[in-house]
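First the structure, in the form of structure tokens, and then the observations on it.
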Amino acid sequence: MFAPLTIIALMLAAAALAVAFSRRPAADAVAYGAVGVLSVLLALWALVRLASGAADISVVLPIGLPWLGAHFAVDGLSAFFLLVVNLATAAAALFGWGYVRAHAAHGHAGDAPAERPPAEGPVAPLFPAFVAGMNLVLIAADAFVFLVGWEFMSLASWLLVLSTHREPATQRAARVYLIMASFGTLALLLAFGLLAGSDGAYAFESIRNSQPGAVAMTLAVLLTIMGAGSKAGVVPLHVWLPLAHPAAPSHVSALMSGVMTKVAIYAIVRVLFDLLPEPQWWWGGLLLALGALTAVLGVLYALMQDDMKTLLAYSTVENIGAIIIALGLALVFKASHTPVIAALAMAAALLHVLNHSLFKSLMFFVAGGVLSATGVRDLGRLGGLIHVMPLTAFLALVGSAAIAALPPLNGFVGEWLLFQAILNAPALPQWVLKIGIAVVGALLALSTALAAACFVRFYGMAFLGRPRGPEAVKAHDVNRPMLLGMAIPAALSVAIGVLPTPVIRLFEPALLATVEAGAFDDRNYQPWFWLAPTSAIGNSYSGLIMVAAIAGLSALLAWVIHRYASRGVRRGIPWGCGFTGGDPMARSQYTPSSFSQPLRRVFGSVAFSARDEVDMPQPGETRAANFRVHLDDPAWRLLFTPIVKLTERWANAVNRLQFLTIRRHLSLMFFALVALLAVVALLQR
Amino acid sequence: MSDFAYDASHLLGAIVLLMSFALLYQNRLFSLLHVYSAQALTLAAAAAWKGYAHDETHLYVTAGLTLILKAIIIPIALHRIVVKLDIHRAVEPAMSIGATMIAGVSLVTLSILLVLPVTAEASALTREDMALSLSVVLLGLLMMISRRNAVSQVVGFMSIENGLILAAVGVAGMPLIVEMSVAFSVMVAFIIFGIFLFDIRERFDSLDIQKIEQYRGEQE
Chain A
1 MFAPLTIIAL MLAAAALAVA FSRRPAADAV AYGAVGVLSV LLALWALVRL
51 ASGAADISVV LPIGLPWLGA HFAVDGLSAF FLLVVNLATA AAALFGWGYV
101 RAHAAHGHAG DAPAERPPAE GPVAPLFPAF VAGMNLVLIA ADAFVFLVGW
151 EFMSLASWLL VLSTHREPAT QRAARVYLIM ASFGTLALLL AFGLLAGSDG
201 AYAFESIRNS QPGAVAMTLA VLLTIMGAGS KAGVVPLHVW LPLAHPAAPS
251 HVSALMSGVM TKVAIYAIVR VLFDLLPEPQ WWWGGLLLAL GALTAVLGVL
301 YALMQDDMKT LLAYSTVENI GAIIIALGLA LVFKASHTPV IAALAMAAAL
351 LHVLNHSLFK SLMFFVAGGV LSATGVRDLG RLGGLIHVMP LTAFLALVGS
401 AAIAALPPLN GFVGEWLLFQ AILNAPALPQ WVLKIGIAVV GALLALSTAL
451 AAACFVRFYG MAFLGRPRGP EAVKAHDVNR PMLLGMAIPA ALSVAIGVLP
501 TPVIRLFEPA LLATVEAGAF DDRNYQPWFW LAPTSAIGNS YSGLIMVAAI
551 AGLSALLAWV IHRYASRGVR RGIPWGCGFT GGDPMARSQY TPSSFSQPLR
601 RVFGSVAFSA RDEVDMPQPG ETRAANFRVH LDDPAWRLLF TPIVKLTERW
651 ANAVNRLQFL TIRRHLSLMF FALVALLAVV ALLQR
Chain B
1001 MSDFAYDASH LLGAIVLLMS FALLYQNRLF SLLHVYSAQA LTLAAAAAWK
1051 GYAHDETHLY VTAGLTLILK AIIIPIALHR IVVKLDIHRA VEPAMSIGAT
1101 MIAGVSLVTL SILLVLPVTA EASALTREDM ALSLSVVLLG LLMMISRRNA
1151 VSQVVGFMSI ENGLILAAVG VAGMPLIVEM SVAFSVMVAF IIFGIFLFDI
1201 RERFDSLDIQ KIEQYRGEQE
């Protein structure tokens, strides 16, 4: 228990040092170097614990609330999430160091476009503090430390978002984020309050042993899903996420999107699977419905975005949806006492947590790299970057393939396991679930396919074709720390995709801690390179065979093309059509909007009330034609705008109380007191 | 505790409550101050008796503070303010006296209904004392909202404080420092009220709060 606490303390010390050195260039090196080293150490520590199946450890420190102390504990679940968080953090620290160096070298990047003054908010001191907050949440073993860590994480990330405060969009993003974060913490606070009962037993150990009443438990479940879900980005509480995540500098966006959402998932798992007693099946049903909604809407939003980082943030919403679906499945199977399939679903959830933390960090690094090289995030101004940034382009291809769930990469394994669990749904006793999970599975399949389309669009628009703007022509490959920061998650994505079984066996302590069954495959018959859940109705997957097949077929294809098709590469203007000077192809290519137009027609008019506005000049007019797309987020239209209006109306109504006479103010207090006392007097009859 | 000691403290507590009703009933400022003084005197006696019966010496300090501050200094000071400022000496009630008395009786009923079941395990005297002191607090509040004159609002506030002290005396074990700080806070509140009264008077030539309110800046 000594190791993680020391490392968290050292991270805070690094933050303090970075503040002390903030005037000198050494500050960045201190902060990012310290976070990099410390998070590698913590990740290794967690890895060793998971691999050796070490027993749970805990400690109570005499700090914090006097009658409670501060409880810390690490079990299998915490260790797994510590591994996930610190692995991605290490890559982000490396990338971030390179990113600020690139920023310092040519004066722009950051996330301010080149023509604006660079964002000068302090990032270096807050970065270690943010990481320390996330780690603190994971090792907390009482509600107080948990919420302190949670709030620390929220506020540090909020300040990191504000580091680009000169951008006009950031201010709105920060305001929405602050409101949503406060709402989330409030919901979690109330949930823990309900679980701790009236004697304030906030230690997780006593919450586990208590038996809350049915109403309190129902409320606690709903509050937890709302509180942690708002941080994770569950629709319809996702609205802050695509605003705030892109606003931060890219390595911080990677942490917020790839890692902080996982801490929120940890909170859901910790409460629903560990702290609460025997689950009810409808908890899982609720998670399944929310997850399906989140996955489909998230990826549809992502498809409509032209801004690289906003697109990635919406894609996070989609992936969170998939994870929530897996958690819901694990919960319904746990409630129906089939722990092996619950373990299968839980393993899918945890694997997807790990995968998403890797490839989403990678994709944000790619976006940061492109931004640093070109100064723009608009896909409509990029293109052809594969020629000027070949290494980044290759790593981006790996990340895109992984996030689009293509074999043999890790995204595919996660989705495959999840579908194996979904195929077991007919074993459930509830008819609602039997049919509902089939629907959820169909929606998940839809969202996976749309995600593939989304990343074809992302990769195709940014890296293929011809440059659409002058910035994309002048780009150059990024510096070595940035490339290395991207290469680490890319390599891990490939490794997990090819050899998933050893990784999944690492999860077993976490599975035991949550669903009371460790293994879901038959160890005696399954070698280490073969992934075959016993419950999977005869399905199995081997990354190695997949790699061999893909390599063989690709080689065959290449040979056939080169043998039977022309050997030379020819370039020519296919349809010159009267264009004379310049490169006509740049304007005649697909644009991001035109690529997503068919999907916008099919889904957008229903989901976003999308409207295309075409302003075509009459023949003879000389003005330019104009085309504009209006999208309308239903979460704002249906949920948040009415809430804001209602609040304003109430505030106006209550505002009149401010102008009462002194005697009336006193009367209000008096009548409130008497009414409350009367309630107490009546209740104790 | 002997029956006599119990009866005596019960009697003293009841007199404090009776004085609260008497405060509600007064319609002249001077008699209001006299009744307030009598209430504080009874409270001091209750504290001293409790200290004697339970052999708790620190309650004598409470009794002394109450006697000197509330029974003597504050009434005299208020008296002087009233004379000096030449305040209209009738209390203008916002509610009729009869209605106020009925409300007061229902408040006492409420506090008895409330306190007796809650404190079922506590000793008989503590229960009675709690009921009495809660009634005194509620009556003080009622007085503050049912009078228009600023001086009578001050007196209402002071009698709330008396109720709190009565509760503190009843529940043996309240530290002396708390009582002292309550006493001093009353003192400070009194001083602030005094300054306000002078200031209000200087500016508006009246202590009727209704007249003052039309000058409030934020009113739209």
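Heads up: the sequence lines are chains A and B, in that order. Residue numbering for the first sequence follows my numbering, starting at 1 and increasing by one per position. Residue numbering for the second sequence follows my numbering, starting at 1001 and increasing by one per position. Beta carbons are placed, not taken as given, at the ideal position from N, Cα and C, and that holds for glycine. Note that the structure is a prediction, hence the values are computed from the model and not measured.
C-alpha distance - LEU492(A) paired with LEU358(A), whole-angstrom precision: Here residue 492(A) is taken as the residue at index 492 of the first sequence, counted from 1. Here residue 358(A) is taken as the residue at index 358 of the first sequence, counted from 1. If I take the Cα positions, the gap works out to 8 Å.
Beta carbon proximity, SER198(A) to chain B, threshold 8 Å: Taking the first sequence and counting its residues from 1, the one referred to as residue 198(A) is at position 198. SER198(A) does not count as touching chain B.
Minimum C-alpha distance to LEU1032(B) - residue among GLN1153(B), PHE1193(B), ALA1044(B) and GLU1161(B): Taking the second sequence and counting its residues from 1, the one referred to as residue 1032(B) is at position 32. With distances taken between Cα atoms, LEU1032(B) lies closest to GLN1153(B).
Cα-Cα separation between PRO122(A) and SER163(A), rounded to whole angstroms: To locate residue 122(A), count along the first sequence from 1; it is residue 122. To locate residue 163(A), count along the first sequence from 1; it is residue 163. Roughly 6 Å separates the two Cα atoms.
Contact with chain B by ALA109(A), beta-carbon distance below 8 Å: On the first sequence, position 109 is the one that residue 109(A) refers to. In this predicted model, ALA109(A) has a pLDDT of only 42, less than 50, meaning its place in the structure is not dependable enough to derive any value.
Residue-level contact to chain A via CB, PRO1075(B), 8 Å cutoff: Counting from 1 along the second sequence, the entry for residue 1075(B) is found at position 75. Chain A contact via Cβ: absent.
Residue from ALA396(A), VAL215(A) and ALA201(A) with nearest C-alpha to LEU68(A): Stepping through the first sequence from its first residue, residue 68(A) is reached at position 68. Cα-wise, what sits closest to LEU68(A) is ALA201(A).
VAL680(A): contacting residues in chain B (beta-carbon distance under 9 Å): For the purposes of this step, residue 680(A) is identified with residue 680 of the first sequence, where counting begins at 1. Here the neighbours are LEU1114 and VAL1118.
Secondary structure of GLU167(A), DSSP reduced to three states: Residue 167(A) sits at position 167 when you count from the first residue of the first sequence. If DSSP states are grouped into helix, strand and coil, GLU167(A) belongs with coil.
For TYR266(A), three-class secondary structure by DSSP: Here residue 266(A) corresponds to residue number 266 of the first sequence, with the count starting at 1. It is helical.
Whole-number beta carbon distance between ILE1165(B) and VAL1182(B), since they are thought to touch under 8 Å: As a first step, residue 1182(B) is located in the second sequence; it is residue number 182 there, counting from the start. As a first step, residue 1165(B) is located in the second sequence; it is residue number 165 there, counting from the start. The pair is a contact, with the Cβ atoms about 7 Å apart (cut-off 8 Å).
Identified DSSP bridge partners for PRO1093(B): Start at 1 with the first residue of the second sequence, and residue 1093(B) comes out as number 93. ARG1147(B).
Continuous beta strand (DSSP E) stretch holding HIS337(A): start and end: Translated into positions along the first sequence, residue 337(A) becomes position 337. Counting along the chain, HIS337(A) falls outside any beta strand (DSSP E), and DSSP gives it neither H nor E.
Test item: CB-CB of GLY184(A) and GLY227(A) under 8 Å: Locating residue 184(A) in the first sequence gives position 184, where the first residue counts as 1. Locating residue 227(A) in the first sequence gives position 227, where the first residue counts as 1. Cβ atoms of GLY184(A) and GLY227(A): closer than 8 Å.
Paired residues, beta bridge with GLU613(A) - DSSP: Mapped onto the first sequence, residue 613(A) falls at position 613. Looking at the DSSP assignment, GLU613(A) forms a beta bridge with ARG628(A).
Local conformation of TYR541(A) per DSSP, three classes: Counted from its first residue, the first sequence places residue 541(A) at position 541. Reduced to three states, the DSSP call for TYR541(A) is strand.
Minimum C-alpha distance to ILE1073(B) - residue among LEU1197(B), PHE1190(B) and PHE1196(B): The residue you call residue 1073(B) lines up with position 73 of the second sequence. Among LEU1197(B), PHE1190(B) and PHE1196(B), the Cα nearest to that of ILE1073(B) is on PHE1190(B).
Any chain B beta carbon closer than 8 Å to VAL85(A): Looking up residue 85(A) in the first sequence gives position 85. Answer no: the Cβ-Cβ gap between VAL85(A) and chain B never drops below 8 Å.
Neighbour-count burial assignment, PRO592(A), 16 or more Cβ in a 10 Å radius: Numbered from 1 along the first sequence, position 592 holds the residue referred to as residue 592(A). Flag for PRO592(A) reads buried.
Between the CA atoms of ALA343(A) and GLU167(A) - distance to the nearest angstrom: For this step, residue 167(A) is matched to residue 167 along the first sequence. For this step, residue 343(A) is matched to residue 343 along the first sequence. Each residue's alpha carbon lies about 46 Å from the other.
Per DSSP, the bridge partner or partners of PHE60(A): Within the first sequence, residue 60(A) is the residue found at index 60, counting from 1. For the sequence presented, residue 60(A) should be read as Val rather than Phe. VAL60(A) is bridged to HIS71(A).
Beta bridge counterpart(s) of ARG1028(B) as assigned by DSSP: Position 28 of the second sequence, counted from the first residue, corresponds to residue 1028(B). Answer by DSSP bridge pairing, in chain order: ALA1090(B).
CB contact below 8 Å: ILE1145(B) versus chain A: Taking the second sequence and counting its residues from 1, one reaches residue 1145(B) at position 145. With 8 Å as the cut-off, ILE1145(B) counts as an interface residue toward chain A.
Buried or exposed (CB count within 10 angstroms, at least 16 for buried), PHE2(A): Numbered from 1 along the first sequence, position 2 holds the residue referred to as residue 2(A). PHE2(A) should be labelled exposed.
Chain-order list of residues whose beta-carbon lies under 6 Å from that of ARG687(A) (same chain, five-residue window excluded): Residue 687(A) lies beyond the stretch modelled for chain A, which goes from 1 to 685, so this question has no answer here.
Nearest-angstrom Cα separation, counted from SER52(A) out to ALA20(A): Position 20 of the first sequence holds residue 20(A). Position 52 of the first sequence holds residue 52(A). Their Cα atoms are separated by approximately 40 Å.
8 Å Cβ cutoff met for VAL131(A) and SER250(A): Numbered from 1 along the first sequence, position 131 holds the residue referred to as residue 131(A). Numbered from 1 along the first sequence, position 250 holds the residue referred to as residue 250(A). In this structure, SER250(A) does not lie closer than 8 Å to VAL131(A) by Cβ.
Own chain partners of ALA143(A) with C-beta closer than 7 Å, once the 5 adjacent residues on each side are dropped: Position 143 of the first sequence, counted from the first residue, corresponds to residue 143(A). For ALA143(A), where only same-chain residues beyond five positions count, the Cβ hits under 7 Å are PHE192, ALA196 and TYR202.
Under 8 Å (Cβ pairs) to chain A, residues found in the stretch 1089-1114 of chain B: ALA1094, LEU1107, LEU1110, SER1111, LEU1113 and LEU1114
Interface partners of LEU1142(B) on chain A, CB under 8 Å: Locating residue 1142(B) in the second sequence gives position 142, where the first residue counts as 1. Near LEU1142(B) (Cβ distances below 8 Å), the residues of chain A are PHE670.
Best match in ARG270(A), PRO246(A) and LEU189(A) for proximity to ALA141(A) [C-alpha to C-alpha]: Here residue 141(A) refers to the residue found at position 141 of the first sequence. Among ARG270(A), PRO246(A) and LEU189(A), the Cα nearest to that of ALA141(A) belongs to ARG270(A).
Residue range of the alpha helix (DSSP H) that includes ALA203(A): Counting from one through the first sequence, the residue named residue 203(A) turns up at place 203. Where ALA203(A) is concerned, there is no enclosing alpha helix (DSSP H), given that its DSSP letter is neither H nor E.
Residue closest to SER1159(B), alpha-carbon to alpha-carbon, out of ASN1149(B), ALA1168(B), MET1144(B) and GLY1140(B): Here residue 1159(B) refers to the residue found at position 159 of the second sequence. The option with the nearest alpha carbon to SER1159(B) is GLY1140(B).
Alpha carbon of VAL299(A) to alpha carbon of ALA451(A), nearest angstrom: Your numbering for residue 299(A) matches position 299 in the first sequence. Your numbering for residue 451(A) matches position 451 in the first sequence. Roughly 6 Å separates the two Cα atoms.
Helix, strand or coil at ALA140(A) according to DSSP, with G and I counted as helix: Residue mapping note: residue 140(A) aligns to position 140 of the first sequence, counting from 1. Residue state, collapsed to three classes: strand.
LEU657(A) at chain B interface by Cβ criterion, 8 Å: Position 657 of the first sequence, counted from the start, is the residue given in the question as residue 657(A). Not closer than 8 Å to any Cβ of chain B, the Cβ of LEU657(A) fails to qualify, so no.
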